[in-house]
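Take my numbering: the final residue in the sequence shown is number 539, and no numbers are missing along the way. The structure under discussion appears below in the form of structure tokens.
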Amino acid sequence: MKFIDTAVNQQHRFSLGREVHSGRFYVSFPVSNAMCDYEEFYEIPAAMHDHYPRNFEEVLAFVERCRQHLCDDLLFMQPGRDRGTSC
């Protein structure tokens with residue numbers, strides 16, 4: 453998979469973008485575990501991506517749900533046993 457960011461929010465530490473091969477859109481944010489730092493990528497609808505930043509509050513609320521592991525069915529890749537926590 454190849455992820456290309458199209459928007460980055462440094463204050464709230466998340467990115468939006470598109471996965472090149474599938475064309476699916478995502479939101480991602482950094483996480484850390486005892487071994488490494490990495491990003492988790494969650495699929496989002498094209499409209500959520502395309503309306504950013506006008507829909508900033510909607511995207512931020514979605515990111516917060518993802519950080520609480522409430523949207524794990526939308527992960528591009530399932531995390532391992534030692535799942536990281538949001539940085």
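For every residue, glycine included, the Cβ atom is placed at its ideal position computed from N, Cα and C. Fair warning: this is a prediction, and the values are worked out from it, not measured in the lab.
Going by Cα to Cα distance, which pick from the options is closest to residue i?
i, options, result
"T537", "R476, D489, D457 and N461", "D489"
"A459", "R533, E492 and F508", "F508"
"E516", "K454, D457, F466 and M453", "F466"
"Y478", "Q520, L522 and L526", "L526"
"S474", "P482, N461 and A498", "A498"
Can you tell me whether residue i is helix, strand or coil according to DSSP?
i, result
"R535", "coil"
"V460", "strand"
"F508", "helix"
Here's a check: name, in chain order, each residue in its chain whose Cβ is nearer than 6 Å to the Cβ of residue i, leaving out the five neighbours to either side.
i, result
"P505", "none"
"S480", "S467, E491 and F493"
On the CB-based measure, 16 or more other CB atoms within 10 Å of its CB, does residue i come out buried or exposed?
i, result
"V511", "buried"
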